[in-house]
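Numbering (full-length UniProt numbering), first residue to last: 1 to 497.
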Ligand code: NAD
């Protein structure tokens with residue numbers, strides 16, 4: 001059985017013989033393709049030490065040389081993205097076009113980071129005081145840790161590492177142990193792009209590695225994406241150890257459909273955003289909030305479209321792949337049981353599986369519930385599976401109040417042809433990313449990605465200018481060059497004259 005290596009000092013670092021190991025499973029076939037080592041705290045500290053040793057050299061590498069390497073990484077990624085997509089489909093299960101879409105969104109952040117020379121330009125004030133000039137710079141932090149979830153093994157790390165690296169930091173990536181191979185593939189690409197040793201490091205592992213990273217004195221910042229309890233743990237532990245932290249958590253994204261909306265567009269969008277990647281997207285729509293007067297028609301349209309979806313192995317031209325593991329499939333099926341028991345109307349039952357795959361074990365078909373109420377667990381919990389819930393409301397105000405009462409605030413959308421209603425929604429909704437007739441409003445790379453409330457701990461979102469700020473710290477230099485007219489002692493507080 002092949003055991004994946006870590007990536008330390010710019011090269012594969014075979015796992016020590018006594019490493020704990022976890023299986024890497026193709027969820028569409030049930031076949032174990034290899035094993036991933038789970039790093040000890042000691043090995044994790046060694047990886048951080050390598051990244052820390054590489055920092056001074058990389059920080060002092062010219063900005064143009066750094067961005068040339070990022071640009072080369074972008075070129076290689078663009079040429080070879082099919083290879084990476086195949087890895088994503090084999091370990092995560094998402095269908096191939098979706099894997100390519102994930103890579104494209106990550107690539108956009110790489111392209112954004114190629115503009116780092118412009119993004120790092122500071123300000124300059126001449127003659128702020130007589131003979132005194134002031135300028136500001138932004139400098140890299142040091143070792144930046146990235147801890148990523150299973151659902152976007154390529155895109156989520158790419159939300160952070162292009163910006164961190166272009167800004168002059170060195171990076172230690174701890175990918176999800178469920179689909180770890182993409183990280184090594186990207187590390188190899190960095191090597192080919194000419195990145196010096198130690199600037200990009202991969203440590204595979206679980207809680208032991210994560211906790212070693214959060215407490216290591218040589219780590220400067222932590223960018224985490226995953227479930228809310230772990231995000232909170234990461235935020236609190238890393239902050240208590242003096243690190244800058246951004247910890248993105250879970251989601252329960254609502255789509256409010258008003259009576260004047262285009263119901264065909266709304267139904268297409270609900271299906272795409274609800275069942276794409278088997279609902280395992282942090283920006284998936286999991287709740288359709290339908291104003292009662294159009295709810296029957298909308299549910300019919302969603303059901304009609306959903307029945308046409310082909311479910312199966314993501315390499316076989318299907319629309320929707322498996323869940324990440326058989327255990328997660330069982331957990332999601334348990335939510336469907338609970339929804340039925342709680343009295344929601346089961347319109348489509350995904351537990352009746354019909355799929356094109358060698359193993360059915362990790363699959364569910366798309367499930368649609370109508371007449372869901374906010375006290376049901378299918379509403380309160382992030383299911384992270386292909387289960388779409390329709391909650392009926394009487395009005396815009398009732399729909400808005402429902403969304404704002406939810407403890408999560410990652411993404412949301414409104415479907416309407418009324419510009420005034422859309423404008424009110426943009427202003428009033430307590431959510432970080434908002435779509436108007438757009439169901440998955442993932443911001444472009446030059447804006448910043450992040451939710452509110454329990455969907456983000458910390459105050460800095462990913463990529464865009466907020467990402468640049470996260471991975472740098474500001475310094476202001478006030479300077480005077482010797483001028484004989486300014487000599488003499490004066491112990492008073494400096495004032496601007
Ligand atoms: P997870 O929280 O289980 O794991 C995320 C990372 O934390 C992994 O690298 C994992 O190894 C590590 N980890 C797991 N348990 C840990 C522990 N006890 N201590 C320390 N580290 C631990 O999340 P997941 O199941 O991989 O991903 C799905 C979750 O991620 C969902 O909740 C989803 O909403 C969320 N997510 C959020 C966003 C966002 O932008 N807000 C994006 C993608 C995914």
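Beta carbons: idealized from backbone N, C-alpha and C, even for Gly.
query, result
"Counting only C-beta atoms, is residue 414 closer than 8 angstroms to chain D at any point?", "Of the protein chains in the structure, only one exists, and it is not chain D."
"Starting from residue 388, trace the beta strand (DSSP E) in both directions and tell me its first and last residue.", "387-393"
"What are the start and end residues of the beta strand (DSSP E) that includes residue 481?", "Premise fails: residue 481 is in no beta strand (DSSP E) and is neither H nor E."
"Helix, strand or coil for residue 403? Go by DSSP, reduced to three states.", "helix"
"Is any non-hydrogen atom of the ligand NAD found closer than 7 angstroms to the C-beta of residue 461, if you look at the structure I gave you?", "no"
"Check residue 237 in the structure and name its three-state DSSP category.", "helix"
"Short of 8 angstroms in beta carbon distance, which residues of its chain neighbour residue 430, apart from the five on each side in sequence? Order them along the chain.", "403, 404, 409, 452, 453"
"Quick check: what's the CA-CA separation for residue 448 versus residue 161?", "14 angstroms"
"Considering only the alpha carbon of each residue, which of 420, 380, 425 lies closest to residue 401?", "425"
"Should residue 295 and residue 390 be called a contact, given that it needs their Cβ atoms to be closer than 8 angstroms?", "yes"
"Does the distance from the C-beta atom of residue 286 to that of residue 388 stay below 8 angstroms?", "yes"
"Below 7 angstroms, is the gap between the Cβ of residue 233 and the nearest heavy atom of the ligand NAD?", "yes"
"Note the first and the last residue of the continuous beta strand (DSSP E) segment covering residue 433.", "433-436"
"Given residue 458, which residues of its chain have a CB within under 7 angstroms of its CB, disregarding the five upstream and five downstream residues?", "235, 245, 246, 247"
"Quick check: does the Cβ of residue 146 come within less than 7 angstroms of any heavy atom belonging to the ligand NAD?", "no"
"Could you tell me the distance, in whole angstroms, from the CA atom of residue 74 to the CA atom of residue 106?", "10 angstroms"
"With three or more C-beta pairs closer than 8 angstroms as the rule, is the region 39-46 touching the region 204-213?", "yes"
"Going by the beta-carbon positions, is the gap between residue 385 and residue 278 smaller than 8 angstroms?", "yes"
"Looking at residue 440 and the ligand NAD, is the gap between the Cβ and the nearest heavy atom below 7 angstroms?", "no"
"Measure the alpha-carbon distance for residue 482 versus residue 134 and round it to whole angstroms.", "15 angstroms"
"Buried or exposed, going by whether 16 or more other CB atoms sit within 10 Å of the CB of residue 178?", "buried"
"May I ask you to check if the CB of residue 317 is nearer than 7 angstroms to at least one heavy atom of the ligand NAD?", "no"
"Can residue 248 be considered in contact with the ligand NAD, in the sense that its beta carbon sits closer than 7 angstroms to one or more heavy atoms?", "yes"
"So is the beta-carbon of residue 156 under 7 angstroms away from any non-hydrogen atom of the ligand NAD?", "yes"
"Between the Cα of residue 100 and the Cα atoms of 10, 79, 367, 16, which residue gives the shortest distance?", "79"
"On the criterion of 16 or more Cβ atoms from any shown chain inside 10 Å, does residue 2 qualify as buried, or is it exposed?", "exposed"
"Distance, Cα to Cα, residue 82 vs residue 149?", "21 angstroms"
"Could you tell me if the beta carbon of residue 273 falls within a distance shorter than 7 angstroms of some heavy atom in the ligand NAD?", "no"
"Considering Cα atoms alone, identify which of 53, 433, 37, 153 is closest to residue 255.", "433"
"Spell out the partners DSSP gives residue 255 in its beta bridges.", "288, 413"
"Closest by CA to residue 366, which one among 274, 381, 170, 16?", "274"
"I want to check one thing, is the minimum distance from the CB of residue 498 to the heavy atoms of the ligand NAD below 7 angstroms?", "In the structure as shown, the chain starts at 1 and stops at 497, and residue 498 therefore has no counterpart that could be examined."
"Anyone know if the C-beta pair for residue 25 and residue 325 falls short of 8 angstroms?", "yes"
"Can you tell me the Cα-Cα spacing of residue 421 and residue 292, whole angstroms?", "17 angstroms"
"Inspect the beta-carbon positions of residue 184 and residue 58 and report whether they are closer than 8 angstroms.", "no"
"So, are the CB atoms of residue 369 and residue 353 less than 8 angstroms apart?", "no"
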